[in-house]
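Peer 1:
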Amino acid sequence: MLDKVKNIILVLSGKGGVGKSTVSTQLALTLKERGYKVGLLDIDLCGPSIPYLLQLEDKDVHQCPEGWVPVYTDLDQKLAVMSIGFLLNNRNSAVVWRGPKKTGMVRQFLNDVYWGELDYLIIDTPPGTSDEHITVMENLRTLKCNGAVIVTSPQEVAIEDVRKEISFCKKTGIPIIGIIENMSGFVCPNCTECTNIFSTGGGKALAEIVQVPYLGSLPIDPKMSDLLGKSCVIEHPNSKTSIAFNSIVDEIVKC
Numbered sequence: 117m118l119d120k121v122k123n124i125i126l127v128l129s130g131k132g133g134v135g136k137s138t139v140s141t142q143l144a145l146t147l148k149e150r151g152y153k154v155g156l157l158d159i160d161l162c163g164p165s166i167p168y169l170l171q172l173e174d175k176d177v178h179q180c181p182e183g184w185v186p187v188y189t190d191l192d193q194k195l196a197v198m199s200i201g202f203l204l205n206n207r208n209s210a211v212v213w214r215g216p217k218k219t220g221m222v223r224q225f226l227n228d229v230y231w232g233e234l235d236y237l238i239i240d241t242p243p244g245t246s247d248e249h250i251t252v253m254e255n256l257r258t259l260k261c262n263g264a265v266i267v268t269s270p271q272e273v274a275i276e277d278v279r280k281e282i283s284f285c286k287k288t289g290i291p292i293i294g295i296i297e298n299m300s301g302f303v304c305p306n307c308t309e310c311t312n313i314f315s316t317g318g319g320k321a322l323a324e325i326v327q328v329p330y331l332g333s334l335p336i337d338p339k340m341s342d343l344l345g346k347s348c349v350i351e352h353p354n355s356k357t358s359i360a361f362n363s364i365v366d367e368i369v370k371c
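Sequential numbering from 117 applies to the sequence shown in the numbering used here.
(1) For the alpha helix (DSSP H) holding V154, just list the boundary residues, first then last.
(2) Take K356 as the anchor and find which of K346, E367, K320 and G301 has the nearest alpha-carbon.
(3) May I ask which residues mark the beginning and end of the beta strand (DSSP E) holding K122?
(4) Any contact between the stretch 140-156 and the stretch 349-365? By contact I mean 3 or more CB pairs, one from each, below 8 Å.
(5) For the beta strand (DSSP E) that T189 lies in, which residues bound it at each end?
(6) Take every Cβ of the stretch 121-138, pair it with every Cβ of the stretch 231-248, and state whether three or more of those distances are shorter than 8 Å.
(7) Which residue wins for smallest C-alpha separation from Q142, given the options G345, C371, E367 and N354?
(8) Residue ranges of each alpha helix (DSSP H) run of no fewer than 4 residues wholly in the stretch 277-334, ordered along the chain?
(9) Does the stretch 360-371 come within contact of the stretch 287-299, defined as at least 3 CB pairs closer than 8 Å?
(10) Please report how far the alpha carbon of L331 lies from the alpha carbon of I239, in whole angstroms.
(11) Within the same chain, show all residues whose beta-carbon is closer than 6 Å to that of L118, passing over the 5 residues directly before and after it, in chain order.
(12) Taking the continuous alpha helix (DSSP H) assigned at E168, which residues delimit it?
(13) Between N354, A360, S363 and S341, which lies nearest to Y168 when the distance is taken from Cα to Cα?
(14) Is T268 helix, strand or coil when you go by DSSP?
(15) Tell me which same chain residues have a C-beta within less than 7 Å of the C-beta of L170, skipping the five on either side of it?
(16) Find out if the Cβ-Cβ distance for the pair I325, L128 is shorter than 8 Å.
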């Protein structure tokens, strides 16, 4: 039930392990801290990490006459979350499903969750360009999708996979809001100097080549490891990560 959702943002990645779910979570929290009412939908069915990242693993999903009721992170109900992780017995349970069952579950998440009125819905998608992505686009055809935020890491193999993700967006008509380069350098916890343990700048260079906006870079920062369920822009407002997320959200709200 997305008819009362004003803005829909997809978060995509060409490959796994680039921090897409962490970026999705912090984008949702940053939008919430700005006063927006936000939904976060985790359709990464085989690796649902959103409940863990928001410390909601002990929560249950309930039903009402309108459909499934999402899990809320706060009493003011400013951030609503839905994930298959809430439907599993424990976090180590594997989802061993073929394509049709997975696409059926994605359709349920998109059509049967009672989100109510939302300013933003962030959809955390699986890595790659799978059946789940096509199902999402089929269901969003009649609704306004602002576009996709594509997350990469600096390594060349990740950058190459992002090219495929950009091609997928263009073929399916998804506007690209921009590219984020995650894990772009390591911030020393003592002196706060940022060292490029991987290569850097690949995301920005690719954005220039394919002519899509570059939203910014996010470093590896040990301070962020204690942020489960917390917003970086509140806990560490002056960090490079928080400054980057604020800048990225500035661009998202312009769309």
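Every residue, glycine too, gets a C-beta built ideally from N, C-alpha and C.
Peer 2: Quick look at the numbers:
(1) In this chain, V154 is not harboured by any alpha helix (DSSP H); it is covered by the beta strand (DSSP E) spanning V154 to D158.
(2) That would be G301, whose Cα lies nearest to the Cα of K356.
(3) That run of the beta strand (DSSP E) goes V121 to S129.
(4) As far as the Cβ criterion goes, the stretch 140-156 touches the stretch 349-365, which means the pair count is three or higher.
(5) Per DSSP, T189 is not a residue of any beta strand (DSSP E), being assigned neither H nor E.
(6) These segments touch.
(7) For Q142, the closest C-alpha among the options G345, C371, E367 and N354 is that of G345.
(8) Secondary structure in the stretch 277-334: the alpha helix (DSSP H) runs of 4 residues or longer, each lying completely within the stretch, are 318-326 in chain order.
(9) Cβ pair count under 8 Å is three or more, so yes.
(10) Straight-line measurement puts the Cα of I239 at about 18 Å from the Cα of L331.
(11) Same-chain partners within the cutoff: L259.
(12) The sequence shown places Tyr at residue 168, rather than the Glu named in the question. For Y168, the enclosing alpha helix (DSSP H) begins and ends at I166 to L169.
(13) That would be S341, whose Cα lies nearest to the Cα of Y168.
(14) Here DSSP, grouped into helix, strand and coil, assigns T268 to strand.
(15) Result list for L170: T141, T189, V197 and G345, in chain order.
(16) Cβ atoms of I325 and L128: not closer than 8 Å.
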